[in-house]
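Undergrad: Let me give you the structure first, and then I'll get to my questions.
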Amino acid sequence: RPKELVYWVKNGRRHRVTVKDNDKECYISQWAAWWAHINPEWREHDEAGGFVMGGTGDWDVMAMPGRNGFLNVIGGLCALKDVLDGEAWGAQLRDVRWVVGEVLGSKKGQRCTFIASCSLLALMNAPDSGTGAK
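Under our numbering, the first residue of the sequence shown is numbered 419, with each subsequent residue one higher.
Spelled out as structure tokens, the structure:
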């Protein structure tokens, strides 16, 4: 998990996650590594190394219990918006949206409470910056 998220949680999630200008490249790298780590191993990658939105498998690893749960992903994604260009941000947002939809559609998602702990409706309805898509 990026150090900015650790700090954010440690300080009670009082403000939004911020990334210092000189840490932007490091944050992007840490986010990518962390997002890959918390996703199911069965997810496939495209030629550029990003996740393919497709496939089937068990989503249990994404049913993150606890007070912070999936809120870590949302906080991290919001910070990522500040450090990526519009198209790269849109790609990350679409992948997280897809994962959320898949988790909620799974059997585990019916019992999963992570969705109740964060405001994903706002994220699900947010326009993709720079892409013109919703």
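For every residue, glycine included, the Cβ atom is placed at its ideal position computed from N, Cα and C.
Reducing DSSP to helix, strand and coil, say where H463 ends up.
TA: Three-state result, H463: strand.
Undergrad: On the DSSP bridge assignment, give the partners of F469 in chain order.
TA: DSSP lists H463 as partners of F469.
Undergrad: When burial is assigned at 16 or more other CB atoms within 10 Å of the CB, is A540 buried or exposed?
TA: The pLDDT assigned to A540 is 48, lower than 50, so where the model puts this residue is not dependable, and the model offers no usable value.
Undergrad: Which of the three DSSP states is assigned to S535 in this structure?
TA: The predicted model places S535 with a pLDDT of 40, which falls under 50 and marks its position as unreliable; any figure quoted below should be read in that light. DSSP places S535 in helix when its eight states are reduced to three.
Undergrad: For E462 and N490, what's the separation of their Cα atoms in angstroms?
TA: Computed Cα separation, rounded: 23 Å.
Undergrad: On the CB-based measure, 16 or more other CB atoms within 10 Å of its CB, does A551 come out buried or exposed?
TA: Annotation note: pLDDT 44 at A551 (below 50); position unreliable, coordinate value reported separately. A551 comes out exposed.
Undergrad: Nearest by alpha-carbon distance to V517: which of G473, R431 and K442 is it?
TA: It is G473 whose Cα lies nearest to the Cα of V517.
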